[in-house]
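Numbering (our numbering), first residue to last: 14 to 280.
See the structure below:
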């Protein structure tokens, strides 16, 4: 009976997947808990797909769905092979490119002003070419006065942590000077922690701030274990992917610009 129920869950998931909008398809490649690309996606009793490790930890702590708040159990987690196949195809496409991209061939800047610009650093909204379907939202991070002393895979491999901004590779731009680097990264909907803190009318609660600090600590510890010094840790280099003022469990922040500081080599 359990096997039959599990099969029905997978079937329903595939049906939903086939009929959802393209926006839902883009969202489907990322875990709603970690907001990172799936590695081992599973469907829970609530009908939603999660990263296995993330939902298992959530269930052990809370016993309920992070989306519906209804009770769910570890025993009813079912692999989502459809989503896993999509993510694997995307990851393989990155490897086939050797994590190297060409501007206006593989990706392009969206029209309009940069999302952020300061001395030596510019962030552009971007999109995949020829199409965005089934791929995460992206930005282009250009840093002047910095140069890459590592292969593109260096940035990609070190961004596998859930609290480090995912870097998909390096983008080559014929119009850029040699003393700059352009990284292709995932998009942070809420902007930087600096923007969040300075634009608020009232400060964040102590519980929310503690959760943010803990996630930053996890990211920094991961970099240290891999022999990398960040070089420029600041609120502007902590990006906010989700902010829930009422529940610290829903907060997701990620560190960016690791190993890069202007006018210096990669650490």
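The C-beta atom is built at its ideal place from N, Cα and C for all residues, glycine as well.
Exposure of residue 211 is indicated by the presence of fewer than 16 other C-beta atoms within 10 angstroms of its C-beta.
With a threshold of 16 other beta carbon atoms within 10 Å, residue 47 meets it and is buried.
Under the three-state reduction of DSSP, residue 201 is assigned to coil, being neither helix nor strand.
Where residue 255 is concerned, the enclosing beta strand (DSSP E) starts and stops at 251-255.
With 16 or more other CB atoms across the displayed protein chains lying within 10 angstroms of its CB, residue 151 is buried. The DSSP assignment places 113-115, 120-122, 129-131 as complete runs of the beta strand (DSSP E) inside the segment 83-136, in order along the chain (cut-off: 3 residues).
The segment 237-247 makes no contact with the segment 176-193; the number of CB pairs closer than 8 Å stays below 3. The alpha-carbon of residue 261 is positioned some 44 Å away from that of residue 187. Per DSSP, the unbroken alpha helix (DSSP H) holding residue 226 starts and ends at 219-238. Each residue's CA atom was taken as its position, placing residue 175 and residue 49 some 6 Å apart. Remark: C-beta atoms of residue 132 and residue 42 do not approach each other more closely than 8 Å. With a cut-off of 8 Å on Cβ pairs, the segment 135-146 is not in contact with the segment 74-82, counting fewer than three such pairs. Between residue 205 and residue 253, the CB-CB gap stays under 8 Å. Excluding sequence positions up to five before and after residue 166, its CB lies within less than 6 Å of the CB of 112, all in the same chain and listed in chain order. Annotation for residue 233: 243, 246, 268 place their beta carbon closer than 8 Å to its own, counting only its chain and skipping 5 residues before and after.
With respect to the 8 Å criterion, residue 264 and residue 225 are classified as neighbours on the basis of their beta carbons. At a Cβ-Cβ threshold of 8 Å, residue 119 and residue 85 do not count as neighbours. Under the three-state reduction of DSSP, residue 72 is assigned to helix. In the DSSP assignment, residue 208 falls within the unbroken alpha helix (DSSP H) covering 206-212. Nearest neighbour of residue 217 by Cα position, chosen from 53, 259, 201, 241, turns out to be 259. In the three-state reduction of the DSSP assignment, residue 176 falls in the coil class.
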